[in-house]
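J.: One structure, pasted below without further comment.
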Amino acid sequence: MSTLVTALIAAAAVAAVYFFCLRPMRQGRCGMMGGSRDAELDRRIADLREEIRVLRAQDSLDSGQVPTTRPSPPADT
1 MSTLVTALIA
11 AAAVAAVYFF
21 CLRPMRQGRC
31 GMMGGSRDAE
41 LDRRIADLRE
51 EIRVLRAQDS
61 LDSGQVPTTR
71 PSPPADT
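Residue numbering for the sequence shown follows full-length UniProt numbering, starting at 1 and increasing by one per position.
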């Protein structure tokens with residue numbers, strides 16, 4: 001009986017992966033694909049990153065802990 005339950009759980013997992021991952025990806029509307037964002041969202045993200053950079057620089061100046069080396073820019077994934 002436990003083998004049957006295990007097989008049913010495995011089949012349900014395979015079906016879930018197909019319906020929620022593979023099928024949408026084949027149709028070009030997968031949420032994990034990078035090119036599906038719109039330009040407005042990209043602009044807002046860039047604005048927020050710039051604001052964070054400015055705030056960190058201001059905090060470094062206020063605390064007197066200005067780094068001597070130039071930090072590398074964040075990697076976009």
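All residues carry an ideal CB built from backbone N, CA and C; glycine is no exception.
The alpha helix (DSSP H) with Arg26 in it runs from where to where?
T.: For Arg26, the uninterrupted alpha helix (DSSP H) segment begins and ends at Arg23 to Arg26.
J.: Grab me the residues of Ser2's own chain with a C-beta within less than 8 Å of its C-beta, minus the 5 sequence neighbours each way, in chain order.
T.: If we look at Ser2 and ignore the five residues flanking it on each side, it has no Cβ neighbours.
J.: Do Pro24 and Arg49 have their CB atoms nearer than 9 Å?
T.: no
J.: Ala46 to Ala39, Cα distance in whole Å?
T.: Their backbone Cα atoms lie some 11 Å apart in a straight line.
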